[in-house]
Every structure is written in C-alpha cells, then in structure tokens.
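These protein sequences, in sequence, are chains A and B.
Oh and the first sequence: position 206 is 208 in the numbering used here, straight run, nothing missing.
Oh and the second sequence: position 60 is 43 in the numbering used here, straight run, nothing missing.
No residue lacks a Cβ here, since even glycine has one placed at the ideal position from N, Cα and C.
In what follows, a single structure is set out as structure tokens and then discussed.
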Amino acid sequence: MKPYPILLSSLLALLLLLSGVSLLFGAEQISIDNLVATLWQGGDLDFIVNQYRLPRLLIAVLVGIGLAVSGLLTQAVIRNPLASPDLMGISGGAGFAACLLLLVWPQIGSVWLPLAALVGGFSAAAIIWLLNRWHQPSPARLALVGIAISAFFTSCIDFLLVLNPVEVNSAMVWLTGSLWGRNWDYIWPLLPWLLILVPFSLYLAWSLDLLALGDESANALGVNTERLQISALFTAVALASVSVAVCGTIAFVGLLAPHAARLLVGFRHQLLVPVTALIGALLVLSADTLARNLAPPMELPAGVLTATLGAPYFIFLLSRYKGW
Amino acid sequence: MLTIENLTVSYGKKPILNDLSLTIKQGSITALIGPNGCGKSTLLKSIAGSLKPTAGRISLAGQDIGLLGHKERAQRLSMLAQSPTTPEGITVRQLVSFGRNPYLSNWGRLSQQDHQVVDQALTGTGLADLAQSRLDQLSGGQRQRAWIAMVLAQDTDYVLLDEPTTYLDLAHQIELMRLMQKMNQQGKTIIVVLHDLNQACRYCDQLVVLKAGEVQAQGSSEQIFTRELLRQVFSFEAQIINDPVANKPMCIAL
Chain A
3 MKPYPILLSS LLALLLLLSG VSLLFGAEQI SIDNLVATLW QGGDLDFIVN QYRLPRLLIA
63 VLVGIGLAVS GLLTQAVIRN PLASPDLMGI SGGAGFAACL LLLVWPQIGS VWLPLAALVG
123 GFSAAAIIWL LNRWHQPSPA RLALVGIAIS AFFTSCIDFL LVLNPVEVNS AMVWLTGSLW
183 GRNWDYIWPL LPWLLILVPF SLYLAWSLDL LALGDESANA LGVNTERLQI SALFTAVALA
243 SVSVAVCGTI AFVGLLAPHA ARLLVGFRHQ LLVPVTALIG ALLVLSADTL ARNLAPPMEL
303 PAGVLTATLG APYFIFLLSR YKGW
Chain B
-16 MLTIENLTVS YGKKPILNDL SLTIKQGSIT ALIGPNGCGK STLLKSIAGS LKPTAGRISL
44 AGQDIGLLGH KERAQRLSML AQSPTTPEGI TVRQLVSFGR NPYLSNWGRL SQQDHQVVDQ
104 ALTGTGLADL AQSRLDQLSG GQRQRAWIAM VLAQDTDYVL LDEPTTYLDL AHQIELMRLM
164 QKMNQQGKTI IVVLHDLNQA CRYCDQLVVL KAGEVQAQGS SEQIFTRELL RQVFSFEAQI
224 INDPVANKPM CIAL
C-alpha cells in the first residue's frame, strides 16, 4: 500500500481510539461492555453517553476539522506561515457577534449562532482587508493587524460582559473555547456548513497548489487567481466562524494543524485537506478529553489546553521566520 | 501574429506603459530591452494577462486576448515569471506537470497523453534523469531548466520569458539561450526580457527597445543597435563592433 493511505488510515484509527477513550472516561468511568451496550440500546447510562459525551465528541471533531481546514486555506492564500483565523482576528469577530446575540437574546435557538458568527467573522475579514489594501502586507504586519483586531474584539466582549453580569457565566465559559454542555442541538447547525465547505476546499486544492508558485505564474498557467483567492478566503472565514459559533475560540488549531500536516505529506493540497482535517479533529478531541479528566468533576476549557501547545509553537515560528 | 495596439497600463495613477503599439511576427525570438523601470516586465505581464490594461488591446491572430477565458489564454501563451516561488518538497516532475493545467479540469488529473507531453518536456530540457528529484536540491541552472520544462509542457505557440538568465552563471546563461533557440526552431514564438544587450543581439531575431513606457526602436540588431541608441536609451557611451563568431553587432562600453 502507498504511504498516504497508510497515514490516513492511521490517523483515522487514532481518532477512533481517542473517541473510545473520550466516551469511557470522565467524571464517571464506564466499562467497555457498558459503553457498547449503551450505544446500542440506551439504558441507565443513556444520558451520560448518548446525550452528553457522544454529541460533545462529535462537536469536538467537527470544530477541529473546521478550524484546521480554515487555517490551511488562509495560509495557502496569504502565503504566510503565521496566518490563521484566530491570529488574524476573524475568530474574535465571530466570537463577538455570537456573544452579542447570546447576551441580547438568550433564548434564541442555536441555529442562529453560526449566522451571527458569520456576520462577525466577515466583518473582521473586511477590516483586515481595508487596513491592508494599500500594501502587500508582510507576515509581521498581518500578524500585528490581526493582534490589534483580536484585542479590539476581546475588549468589546469584555464590555458586553460587564454590562450583562447575570448572563456572564455561560458566555465566559463559551469564550475560552469550551465544549461544556454542548448537546445534539449544536451539531445540526454546524454539520451542513462543514458538509459543503470541506468538499469545496478539496475542489480548490489543485489550484491552490499552482497558487503556491506565485500569483503571476499561477495566472500564466490559466488559474483565475483573483477568483480563487476570494473563494478560498470566503470558505476559510465561513469555516472558522461557524466553528467559533459552537464553542468559542479554541486557539491555535488553525495554525498548528496545517503545519503538522505539511510536515507529514508535503505541499499538495488534495493530500493536505484530509490530513489537516484529521489532525485538527485529533487536537480538539484530545484537548477536550484532557480538559474533562484532569480534575473531575471540574472542567478546564479545551481552548486553554490547545493554547498551551500552540503558543510556544507560535513563538518558535516567529523566531525562525527571517522574512522581515 | 501578436499585435499590441495603443496599450496603456498604470499602477495606481502613474502610467507605466503609455499608448504603446507593437507587432510581433510569428516564429521569431524578440528581446525586450531597456533601462530599469522602462516597463519591460510590465509589458510582458500585460501580454500574459496578469496585469489588466487601462486602455488598448492585445490580440493574437486578430483575437483580443482580454476576451479569452483564463485557461483558453493559457493554451496559447505561456510565461516564465522572473522569480517564481518554489513550493517546499516539490519534485521536478510535479512542477512540470503543472504546465498541463490549461488542459485539465479543476481536479488536476493528468491523462496518459498529458503524461507523454510532460515526458517530452523533461527529455527536451535534459531533465529526464532528474524527474523525481526535489526542485530545491537542484543547481540554479537545472532549476531554471525545470521551469522552462513546465512552460514547454504548457504547449503554447507563444512563450514569454521574464529575465530568465538573472540568477545564472555565464555557462548556464548560454545553455539557456541555446535552449531558447531550440524551442524557437520547434516553432515557438518567443518574447524574452534580457539585461545583457550582447546576448539579446546574438540570440534574438528582433529587438524592441523601451524607454519610459514607450517603444524607442524596433528591428533587427543590425538595423537599430547603434551608438546613438545606447546613448539615448541607456545613457552610456559605447563602441559597436562586429561579433566575429555570430556576425552580429556587439557593444563595448567606453
């Protein structure tokens, strides 16, 4: 068998294994027999397994896929190793909009969260575009603008929280990137977006390979570079926004997963999209599983754990990058 | 025949090319020469379609290339950019197969015939043995030949080369000029931006001399390559002698 199918099946196997672990462990430990029985037939443990851990597991996987593929597309278009939706402030914009909706209209259905987040994410993207339209932004400049935008949205969110102290608790947990209390209601608004956007990313993959040669060469090879860049960025912003809508900003997944995938399979995006997606799913799922099991029944937000891994890597990238 | 009529191209408000008209015969090698900032690269990029003209029209055999689709245009015109980026880990063969893009669907799957064209391009540039090597591990000369092979795989009648010799040592520059002549003998019309005036005289059928976005002179080197031209356009004094090997004019700075 060729190396790529082996890699893909190993990653899938790892994800299945981790899913098993994530279903078994938590505030209450479940035996394998009981788990299998409950998954098939329900019973006493039905709530813990089928209504609590299982949807949460699926959301972790979906959000991981969304954030990771979003990072891959962003890096491909901007050709900047530091580009990712959270570092550029797109997650911040999406988070602010979703938070605003939660606080202003707490009873609203979860279907509306992704839509609010999309509006926020695209607004942040528009701000970045406006601030950078006069120059081809250098990686450092883009990172700085992103940090400024992130800081701006964080302070907007703080302002909202100060104004609405009663609702703060759930919004606070959500903002740090937690999957706490996420049930089936949160899967249905997320799933259709991913089912459209991830295959579309695969469709763009070959052209993104050509784009890596530079705009001029890609254009001469018959790629409509303008259209490609816009479609890939729209897809990236949408993926990040709907993911953030479900569980807040789980930091650095969009930066780490594509880098790790490139180390494993090289530059070809048709191979990168599936591997990046699986690595993203693994990252978020392992972070959430750890977050639930470090000090049960207390929970850490998964975003704190991904940041512990991601922040040092970001600093490593900054120190290695000589392009400024 | 490639015809450029009243072409104006601007970056922002500043015009780089100003009402430029030019005709390029099929089957020729044309050198675009001129001092830095005269608009040579801009002209090449406009022909390749990566810069949109503000006014004017570029046509191939009477057909406006601005009206062609991206892939349609890329089936007729190919270009080697001045400093393309090398994706990390790409092999020579993978790079050359990118040249087939204008004939492929968006999934990029190459047919048997596409693979044959890629093989021919590799053989034609002497890279058949290096096909599986990584591009970033090749020498500068080999790497440039790989980029040329990509352009060959694109199988177009017109080939544009933007300063293809810039980062090469002299031996590899000569190798590249000969490769260019070979492509020309196989029927390709070539437009090349060159800095070395003597190479332009020796290896090209026609010179197009640009200054400040306008054509100063056009013709064979025997007709137009004079002391006055060098003084006016390039601002240096030179003596023109006859190159004893190729029997073409060459200049020596005074």
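Distance between A200/B and I207/B (C-alpha atoms, nearest Å):
Distance between the alpha carbons of I207/B and A200/B: 7 angstroms.
Between P147/B and Q125/B, what straight-line distance do the alpha-carbon atoms span, to the nearest angstrom?
The C-alpha of Q125/B is placed about 12 angstroms away from the C-alpha of P147/B.
Report buried or exposed for D145/B, applying the criterion of at least 16 other Cβ atoms within 10 angstroms of its Cβ.
Its Cβ being crowded by 16 or more others within 10 Å, D145/B is buried.
What whole-angstrom Cβ distance do I173/B and I12/B have, given they're in contact under 8 angstroms?
For a cut-off of 8 angstroms, the C-beta gap from I173/B to I12/B is around 5 angstroms, short enough to register as a contact.
Straight-line gap, L93/B to S233/A (C-alpha atoms, nearest Å):
Approximately 24 angstroms between the Cα atoms of the pair.
May I ask you to list, following chain order, the residues of the segment 285 to 302 of chain A that have a beta carbon less than 9 angstroms from some beta carbon of chain B?
Here the close residues number zero.
Sequence-distant residues of its chain with Cβ nearer than 7 angstroms to A279/A (five each side left out)
Correct list, in chain order: I67, A70, V71, V200.
With DSSP run on the structure shown, which of helix, strand or coil describes T209/B?
In the structure shown, T209/B sits in coil (DSSP, three-state: anything other than H, G, I, E or B).
Could I get the ranges of all uninterrupted alpha helix (DSSP H) runs contained in the segment 19 to 107 of chain B, with 4 residues as the minimum, in chain order?
For the alpha helix (DSSP H) assignment, the uninterrupted runs of no fewer than 4 residues enclosed by the segment 19 to 107 of chain B are, from N- to C-terminal side, 23 to 31, 53 to 57, 75 to 81, 95 to 107.
Show which residues of chain A have a CB atom less than 8 angstroms away from the CB atom of R56/B.
Counting only Cβ-Cβ distances below 8 angstroms, R56/B has contacts in chain A at G224, in chain order.
Separation of L17/A from V51/A, as counted between CA atoms
CA-to-CA, the gap between V51/A and L17/A works out to about 18 angstroms.
Whole-Å CB distance - I110/A paired with L103/A, under 8 angstroms assumed:
Rounded, the Cβ-Cβ distance is 6 angstroms, consistent with contact.
Selection from A195/B, E197/B, P232/B that minimises the alpha carbon distance to A183/B
If we check each option's Cα against that of A183/B, P232/B comes out closest.
Quick one: using the 10 Å Cβ neighbour count with 16 as the cut-off for buried, is N82/A buried or exposed?
Buried, because 16 or more other Cβ atoms sit within 10 Å of the Cβ of N82/A.
Listing by chain order, which chain A residues have their CB less than 9 angstroms from the CB of N(-11)/B?
Residues of chain A whose Cβ lies closer than 9 angstroms to the Cβ of N(-11)/B do not exist; the shortest such Cβ separation is about 23 angstroms.
Option nearest R83/B by Cα separation, candidates Q215/B, A136/B, C21/B:
The option with the nearest alpha carbon to R83/B is A136/B.
Scan the segment 173 to 218 of chain B and note each continuous beta strand (DSSP E) run of 3 residues or more that stays entirely inside, going in chain order.
189 to 194, 197 to 202, all fully within the segment 173 to 218 of chain B.
I'd like to know if the segment 206 to 222 of chain B and the segment 22 to 40 of chain B are in contact, where contact means that at least 3 CB-CB pairs between them fall below 8 angstroms.
Inter-segment contact for the segment 206 to 222 of chain B and the segment 22 to 40 of chain B is absent: fewer than three beta-carbon pairs are separated by less than 8 angstroms.
So is S209/A in contact with chain B if we call contact Cβ pairs under 9 angstroms?
Chain B contact via Cβ: present.
Buried versus exposed, by CB contacts within 10 Å (16 or more), R135/A:
With fewer than 16 neighbouring CB atoms inside 10 Å of its own CB, R135/A falls in the exposed class.
Are the C-beta of N221/A and some C-beta of chain B separated by less than 9 angstroms?
N221/A counts as touching chain B.
For the segment 102 to 120 of chain B and the segment 63 to 83 of chain B, state whether three or more C-beta atom pairs, one from each stretch, are separated by less than 8 angstroms.
A contact is defined here as three or more CB-CB pairs under 8 angstroms, and the segment 102 to 120 of chain B meets this definition with respect to the segment 63 to 83 of chain B.
My guess is that I130/A and I151/A are in contact by the Cβ rule of under 8 angstroms, so how many angstroms apart are they, rounded?
That pair is a contact at about 7 angstroms.
Classify I(-13)/B as buried or exposed, calling it buried when 16 or more other Cβ atoms lie within 10 Å of its own Cβ.
I(-13)/B is buried by the Cβ-count criterion.
Quick one: what does DSSP say S4/B is sitting in, helix, strand or coil?
DSSP places S4/B in strand when its eight states are reduced to three.
Using the Cα positions of G312/A and L258/A, report the straight-line distance between them to the nearest angstrom.
Taking the straight line from one Cα to the other gives about 7 angstroms.
Which residues mark the beginning and the end of the beta strand (DSSP E) in which Y(-6)/B is found?
That run of the beta strand (DSSP E) goes -15 to -6.
Can you check whether the CB of P85/B is closer than 9 angstroms to the CB of L223/A?
With a cutoff of 9 angstroms on beta-carbon distance, L223/A and P85/B are scored as near each other.
Which chain A residues sit within Cβ distance under 9 angstroms of A31/B?
Within 9 angstroms Cβ-Cβ: E218, N221, A222.
Pick out the complete beta strand (DSSP E) segments inside the segment 129 to 163 of chain B, 3 residues or longer, and give them in chain order.
Qualifying beta strand (DSSP E) stretches, in chain order: 141 to 145.
Quick one: what's got a C-beta closer than 7 angstroms to L78/B's C-beta in the same chain, skipping five residues either side?
Taken in chain order, the residues that qualify are L118, A129, M133.
In the structure shown, what three-state DSSP assignment does I224/B receive?
Secondary structure of I224/B (DSSP, three-state): strand.
Taking a Cβ distance cut-off of 9 angstroms, strictly less, list which residues of the segment 15 to 35 of chain A are near chain B, in chain order.
So the list is empty, because no residue satisfies the distance condition.
For the segment 254 to 270 of chain A, enumerate the residues whose C-beta is nearer than 7 angstroms to any C-beta of chain B, in chain order.
Taking 7 angstroms as the Cβ-Cβ cut-off against chain B, the residues of the segment 254 to 270 of chain A that qualify are G268, F269.
Starting from the beta carbon of A214/A, find every residue of chain B whose beta carbon is closer than 7 angstroms, and list them in chain order.
Simply T68, P70.
Quick test of your reading: D140/B and R59/B, contact by CB under 8 angstroms. State the CB separation rounded to the nearest angstrom.
Beta-carbon to beta-carbon, D140/B and R59/B are separated by about 6 angstroms, close enough to satisfy the 8 angstroms threshold.
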